[in-house]
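Working notes, structure below.
Numbering (the working numbering), first residue to last: 72 to 317.
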């Protein structure tokens, strides 16, 4: 592992995000990262469960201290997604894509996810970045077997979990060195080029009403630009969306 990161390895934990959140004494270490061989209660957005196989997949969390205060972690989610994308492209270039806000796909199947949560650190917000990547799993539970994949499934090869963890951390570190809010246009363009979200038809909620529309762009704060089916433009959307099957 890169010596710049202070790494804690756990054989088994409910959630690496929860572990890091519940141990604020660890936050004094710069770039503290928790890696788990087995995660029994992995979480995604909106309390969704994240499935991973012990010893086969990558589950870790790292504490990020933004150079300036943030109101929410949307920008960090974009940064983390690009870090994962840059690393995984070394193993599977064609077919890899990002799905707003926090999924990593190969084709239309999910191989990874990101959960960013804000925590107070000496009165200033820090962000815990939780990342789960299906690395060497080839069999999935029935309920996700049609929507999930792994790096091994798409490349036909086994991969070293910790080498990939190091690669992702290094890429996030490079991105964070130049981090600013609002996000740089070149970085946003890179995310757009890596994403299959732009132009997708979605369901979303506007003033409590479900509407349909299309994703037309992403803003420098990490929010979406949507155009509804009636032609209305929603300039800064950060809530739940449902992607329509196409």
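C-beta atoms are modelled at their ideal positions from N, C-alpha and C, and glycine is treated no differently.
Which residue from 142, 75 and 105 puts its Cα closest to that of residue 252?
142
Straight-line gap, residue 20 to residue 275 (C-alpha atoms, nearest Å)
Here the chain has residues from 72 to 317 only, and residue 20 is not among them.
What are the boundary residues of the beta strand (DSSP E) that residue 306 is part of?
304-308
Taking the alpha-carbon of residue 233 as reference, which of 107, 92 and 103 has the nearest alpha-carbon?
107
So what's residue 254 in DSSP terms, helix, strand or just coil?
coil
Is residue 88 helix, strand or coil when you go by DSSP?
helix
Contiguous alpha helix (DSSP H) assignments of at least 4 residues, all confined to the segment 225-283:
232-248 and 256-265
Which residues share a DSSP beta bridge with residue 132?
105 and 201
What separation, rounded to the nearest whole angstrom, lies between the Cα atoms of residue 315 and residue 264?
20 Å
Exposure of residue 205, with buried meaning 16 or more beta-carbon neighbours within 10 Å
buried
Residue burial classification, residue 284 (beta-carbon count within 10 angstroms, cutoff 16)
buried
Compute the distance between the beta-carbons of residue 200 and residue 135, then report whether it is under 7 Å.
yes
Using 8 Å as the Cβ pair cut-off and three pairs as the minimum, do the segment 144-161 and the segment 238-246 touch?
yes
Taking the continuous beta strand (DSSP E) assigned at residue 184, which residues delimit it?
180-192
In whole angstroms, give me the CA-to-CA distance for residue 280 and residue 301.
14 Å
Could you give the residue range of the alpha helix (DSSP H) that holds residue 147?
145-159
For residue 83, name the three-state secondary structure that DSSP assigns.
strand
C-alpha gap between residue 171 and residue 278, whole angstroms:
21 Å
Cα-Cα separation, residue 309 to residue 146
11 Å
Where residue 222 falls: helix, strand or coil (DSSP):
helix
Whether or not the segment 73-82 and the segment 187-198 are in contact is what I'm after, with contact meaning three or more pairs of Cβ atoms, one per stretch, closer than 8 Å; do they touch?
no
What's the gap between the Cα of residue 198 and the Cα of residue 123?
23 Å
With DSSP as the reference, label residue 127 as helix, strand or coil.
coil
Around the C-beta of residue 242, are 16 or more other C-beta atoms found within 10 angstroms, so that it is buried, or is it exposed?
buried
What's the C-alpha gap between residue 213 and residue 231?
26 Å
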